[in-house]
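See structure below.
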Amino acid sequence: MNNKILYSLLYKMLRIRMVEEKIAELYPEQEMRCPTHLSIGEEATAVGVCENLKKEDIVMSNHRSHAHYLAKGGELKGLIAELYGKATGCSKGRGGSMHLIDKSVSFLGATPILGGTIPIAVGAAFGSVMQNRDNIAVAFFGDAAVEEGIFHESLNFASLKNLPVLFICENNLYSVQTPLSARQPKRDIYLLGKAHAIESYQENGNDIIKVYEATKKAVKKIKAGKGPVFLEFLTYRWREHCGPNYDFDIGYRTKAEVLKWKKRCPIAALKKQMLKDKIISNTQIERMVEEICDEIDEAVHFAKTSPFPNKSDLYQHIYSK
Ligand SMILES: Cc1ncc(C[n+]2csc(CCOP(=O)(O)OP(=O)(O)O)c2C)c(N)n1
Ligand SMILES: [Mg+2]
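According to our numbering, the sequence shown holds residues -3 to 317 in order.
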């Protein structure tokens, strides 16, 4: 992999991490009033996948949406302002954290109804085929979304029609506070893709290079008209399901488990490798951090000083054309 790509992967993961850490820091001020689901610890999947996409390639996300939005090129100021419910937010302050949209980069949207965005991605891919466009559509969803009926209907149809869809399951082992073992039989999730005759693979979702390479291969196949691909990435959420805090004190998982996964931090791993291979220096990393810090401060200032939507505009921007 060339150095430019490695640099970009590191920068984008670090940026997402720092943005979400800032959100966690500011959240207790209670100026952001929407529920927020942070992807801290899971940055490699969003970045490794989206690095392989073109601007026209469509992404559908879910309740844990910030990383997907930013990795696809969604505007940072629009994200932060949206969390503050401001008129300058990417959804004009109507949506909050779980309803992000930036059509300028084909981030068609996030909604929190589990599995609900999977058929939309499939429909978008169907539309692209009918209109002779060569973009693909990507659906990001968690391990719990595969428990929804619509997941199977969507895979069935995509497989039948050979549609250009990439299914990305971010398996972080939990749905809210319930482990996978209490919800699903003992089998690998990617096998569900195979059951629908879709080429399917499982990969380490905390290894950005593995995520990037698996996605690259998948996108190449999909763009060659050879039908959908299903990728399951194993990863782990560090903080509570919804909100800025750590939650190992409430008993559904141990601190030791969280610490074990923190040692598998995708950002630390890539940084270590790039330093060892002398692709980047500590000074360059410090400069990266400073640049991102400035960008985040500017976005927070923009959000805090932006106006709330006018009451008279209440019924505008409810439906997207
Ligand atoms: C249809 C539906 N049922 C229940 C919920 C409540 N809910 C919100 S997030 C969530 C867990 C999702 O787990 P997963 O898909 O693994 O994603 P993760 O939160 O782990 O990223 C649930 C049950 C919902 N949003 N939609
Ligand atoms: Mg999960």
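C-beta: ideal position from N, C-alpha, C; glycine also.
The Cβ-Cβ distance between glutamate 144 and glycine 111 falls below 8 angstroms.
Sequence-distant Cβ neighbours of glutamine 312 in its own chain, meaning closer than 8 angstroms and more than five residues away, are Lys88. Within a 10 Å sphere around the beta-carbon of aspartate 53 sit 16 or more other beta-carbons, which makes this residue buried. With 16 or more other Cβ atoms from the protein chains shown falling within 10 Å of its own Cβ, arginine 233 counts as buried. In the structure shown, the three-state DSSP call for valine 207 is helix.
For the set Ile1, Lys217, Thr174, Ala83, the Cα lying nearest the Cα of serine 308 is the one of Ala83. Contact annotation: glycine 201 and leucine 230 have beta-carbon atoms nearer than 8 angstroms. With the criterion CB distance below 6 angstroms from any heavy atom of ligand 2, the matching residues run Gly138, Asp139, Ala140, Asn168, Tyr170, Ser171 along the chain.
The continuous alpha helix (DSSP H) containing methionine 14 extends over residues -1 to 22. In the pairwise beta carbon analysis, the segment 122 to 134 is classified as not touching the segment 21 to 38: fewer than three pairs are separated by under 8 angstroms.
The C-alpha of methionine 284 lies about 11 angstroms from the C-alpha of serine 4.
Glycine 138: member of the beta strand (DSSP E) spanning 133 to 138, first to last residue. If you check the C-beta of isoleucine 36 against ligand 1, you find no heavy atom less than 7 angstroms away. Under DSSP, no beta-bridge partner is assigned to asparagine 158. Looking only at Arg11, Asn(-1), Asn(-2), the smallest Cα-Cα distance to glutamate 291 is reached by Arg11. Cβ neighbours of proline 160 within its own chain (closer than 6 angstroms, five residues either side excluded): Ala121, Ile132, Ile218. The shortest C-alpha to C-alpha distance from histidine 95 to any of Ser124, Leu49, Glu149, Thr32 is the one to Thr32. Taken from the Cβ of glutamate 144, at least one heavy atom of ligand 1 lies inside 7 angstroms.
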